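Residue numbers (my numbering): 143 to 226.
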C-alpha cells in the first residue's frame, strides 16, 4: 500500500480474487479522512477478473464507496471514497 496526497494505491495484480479482496478491505480500514480515492492496480494482461470483482463488490451498496471509476489505464480502477 502506498499513500500519496489523498490517494492510497494498492497493487493486487497477480493475486486471486480472494487475496485481492482481503488487501482492498485492509486498505479501506486504514484510510483516514484525508484519503479520497483508493487506486487499485489490478493489471489487465491476464483478463478482467479482478476488475469485474471490483465493480461487483464495490459498485453498489457499499456505503464507503461513492463511485467506481476507470483509472489512468485499463489495469487501474479507482474507488472514490469522497469528493474533493
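Backbone N, C-alpha and C fix where the C-beta goes; we use that ideal spot for every residue, glycine too.
All values derive from a computational prediction rather than experimental measurement.
- Message: Quick check on the burial criterion: 16 or more other C-beta atoms within 10 angstroms. Buried or exposed for residue 188?
- Response: Here residue 188 is taken as the residue at index 46 of the chain shown, counted from 1. That one is exposed.
What's the gap between the Cα of residue 171 and the Cα of residue 184?
-> Taking the chain shown and counting its residues from 1, the one referred to as residue 171 is at position 29. Taking the chain shown and counting its residues from 1, the one referred to as residue 184 is at position 42. If I take the Cα positions, the gap works out to 19 Å.
- Task: Check whether the Cβ atoms of residue 178 and residue 224 lie closer than 9 Å to each other.
- Result: For the purposes of this step, residue 178 is taken as residue 36 along the chain shown, with counting starting at 1. For the purposes of this step, residue 224 is taken as residue 82 along the chain shown, with counting starting at 1. In contact: residue 178 and residue 224 (Cβ atoms closer than 9 Å).
query: Straight-line CA distance for residue 233 to residue 165?
result: This structure cannot settle anything about residue 233, because the visible part of the chain is limited to 143 through 226.
Does the Cβ of residue 219 have 16 or more other Cβ atoms within 10 Å, making it buried, or fewer, making it exposed? The count along the chain shown starts at 1 and reaches residue 219 at position 77. Buried, because 16 or more other Cβ atoms sit within 10 Å of the Cβ of residue 219.
Status (buried if at least 16 other CB within 10 Å, exposed otherwise) for residue 169: As a working note, residue 169 is residue 27 in the chain shown. The residue in question, residue 169, is buried, as its Cβ has 16 or more Cβ neighbours within 10 Å.
DSSP three-state call for residue 226: helix, strand or coil?
-> The count along the chain shown starts at 1 and reaches residue 226 at position 84. Correct three-state label for residue 226: coil.
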